[in-house]
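Numbering (the working numbering), first residue to last: 423 to 822. Okay, structure first, notes after.
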Ligand code: PLP
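In structure tokens, the structure reads:
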């Protein structure tokens with residue numbers, strides 16, 4: 423990692439000293455003249471790879487017609503994409519915004535306003551889980567509850583009660599007269615690709631039903647096909663009342679969405695929320711094109727087959743290099759490998775093999791190939807991991 427001291431970009435990212443000129447499917451062309459296999463997908467954004475022809479055509483066509491239109495007027499294309507997302511999910515309505523954190527802000531506001539509109543403004547608190555990540559705005563940081571991100575930014579936004587992940591009793595105990603909802607990622611992404619059994623999600627749904635709480639899912643990372651279904655809640659055996667989407671929704675064009683049932687969103691009347699750019703025609707064109715591809719027959723069969731292949735191949739590398747790797751986890755193509763060595767060292771070694779991956783909490787390295795990756799490309803990615811492990815293993819032995 424290095425940060426360019428002469429750059430005028432605010433140095434909030436620890437950027438690797440690598441830049442790219444263009445992308446094509448799962449491949450990125452580096453400014454250094456090398457070709458890289460991209461198993462980051464822009465951190466679960468480029469679900470259809472780089473420069474997908476259908477997305478390129480949709481954006482090119484829209485770019486000649488209308489770039490921006492304010493929300494003062496109707497959005498016929500926005501209505502169509504909202505209708506498609508609702509038809510494919512539990513939701514009745516969608517609010518479009520520009521990022522994951524904004525989608526999560528909308529989720530938090532929907533949950534609070536739901537109770538206020540029903541005459542219970544005192545019910546505003548939301549139960550969240552340790553290891554969560556919901557974004558970098560002040561409210562979503564408070565929801566995530568991670569000290570390292572909150573420190574130095576003044577008083578934290580009030581109204582979030584964090585409990586250990588997977589602990590139903592802790593959730594039950596945290597419910598009080600001020601509780602409005604429960605918020606969870608179906609699979610924690612940044613937290614280290616951590617999932618929970620169906621029984622846990624069923625218990626959360628039951629607690630919400632018993633206590634009149636809203637169940638909110640953060641599907642910013644898991645949504646739009648990443649786990650092998652369009653939405654990860656489809657694996658959990660329950661449906662939420664409200665959910666956030668972003669990342670892959672625009673296939674690389676910034677767009678987020680908050681989807682909700684009509685009842686959950688009953689407080690969201692004109693003037694209660696808004697966004698200048700939300701549902702911008704270019705973003706909507708991108709989202710419509712992403713849906714065209716993902717809703718074509720066989721798309722998710724492919725993702726599930728690639729998931730199985732990737733996990734099997736990774737498990738065999740884990741077995742052969744126990745001093746480097748310890749386990750494989752995840753759903754669909756949101757796959758994590760827990761490292762024994764510091765995960766940053768593994769990510770750097772993989773970069774040396776021209777394979778790009780993403781670190782996560784719990785010393786995990788995320789493998790997030792585009793969902794269109796072929797069998798050969800999955801195999802190539804694992805072969806590069808194997809080469810990196812062999813050389814890390816050899817240098818460890820030498821050091822002993
Ligand atoms: N929620 C989850 C689960 C995420 O993984 C992220 C980003 O990684 C966010 C929210 C925030 O999204 P954004 O960076 O687009 O604001």
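Even glycine gets a Cβ: it sits at the ideal position worked out from N, Cα and C.
For residue 773, the enclosing alpha helix (DSSP H) begins and ends at 765-774.
Listed in chain order, the non-local C-beta contacts of residue 625 below 6 Å within the same chain comprise 590, local neighbours out to five positions each way being set aside. Rounded to the nearest whole angstrom, the CA to CA distance from residue 474 to residue 793 is 12 Å. When C-beta atoms of the stretch 479-498 are compared with those of the stretch 623-642, fewer than three pairs fall below 8 Å, so the two segments do not count as touching. Residue 655 is not bridged by DSSP to any residue. At a Cβ-Cβ threshold of 7 Å, residue 680 and residue 528 count as neighbours. By the Cβ-count criterion, residue 814 is buried, with 16 or more other Cβ atoms from all chains shown falling within 10 Å of its own Cβ. Taking 3 residues as the shortest admissible run, the stretch 471-557 contains the following complete beta strand (DSSP E) segments, listed from N- to C-terminal end: 515-519 and 547-551. Closest in C-alpha terms to residue 755, from the list 496, 456, 605 and 652, comes 652. Secondary structure of residue 698 (DSSP, three-state): coil. Taking 8 Å as the upper bound for CB-CB distance, residue 554 and residue 566 are in contact here, some 5 Å apart.
Residue 601 is bridged by DSSP to 547.
Cβ contact annotation for residue 582 (same chain, cutoff 6 Å, sequence separation greater than five): 548, 550, 564 and 565, in chain order.
If the five residues before and after residue 812 are omitted, its C-beta is found closer than 8 Å to the C-beta atoms of 743, all from its own chain and listed in chain order. Not one heavy atom of ligand 1 lies closer than 6 Å to the C-beta of residue 654. Taking C-alpha positions only, residue 711 is separated from residue 611 by approximately 25 Å. The beta carbons of residue 461 and residue 791 sit closer together than 7 Å. In this structure, residue 556 has its CB closer than 6 Å to one or more heavy atoms of ligand 1.
Here the distance from the Cβ of residue 643 to the nearest heavy atom of ligand 1 is below 6 Å. Burial is judged here by how many other beta carbons sit within 10 angstroms of a residue's own beta carbon; residue 675 has at least 16 and is buried. Straight through space, the alpha carbons of residue 522 and residue 668 are spaced by roughly 5 Å. Shown here, residue 574 sits in coil according to DSSP, grouped into three states, outside any helix or strand.
In the same chain as residue 534, and ignoring 5 residues on each side of it, the C-beta atoms closer than 7 Å to its own belong to 546 and 602, in chain order. Following the DSSP letters along the chain, one finds residue 587 in no alpha helix (DSSP H), marked with neither H nor E. Between the stretch 717-734 and the stretch 745-762, the count of Cβ pairs shorter than 8 Å is three or higher; the stretches touch. The C-beta distance from residue 442 to residue 431 rounds to 16 Å, too long to fall under 8 Å, and the pair is not in contact. For residue 712, the enclosing alpha helix (DSSP H) begins and ends at 703-716.
Take the alpha-carbon of residue 689 and the one of residue 538: they are about 7 Å apart. Per DSSP, residue 457 lies in no alpha helix (DSSP H) segment; the continuous beta strand (DSSP E) that holds it begins and ends at 457-460. Placement of the Cβ of residue 463 at a distance of 6 Å or more from every heavy atom of ligand 1 is found.
A residue is called buried when at least 16 other Cβ atoms come within 10 angstroms of its Cβ; residue 616 meets this threshold and is buried.
Here DSSP, grouped into helix, strand and coil, assigns residue 428 to coil. When secondary structure is reduced to three states using DSSP, residue 673 falls in the strand class. A straight-line Cα-Cα distance of about 27 Å links residue 637 and residue 705.
Buried is the label assigned to residue 772, since at least 16 other Cβ atoms lie within 10 Å of its Cβ.
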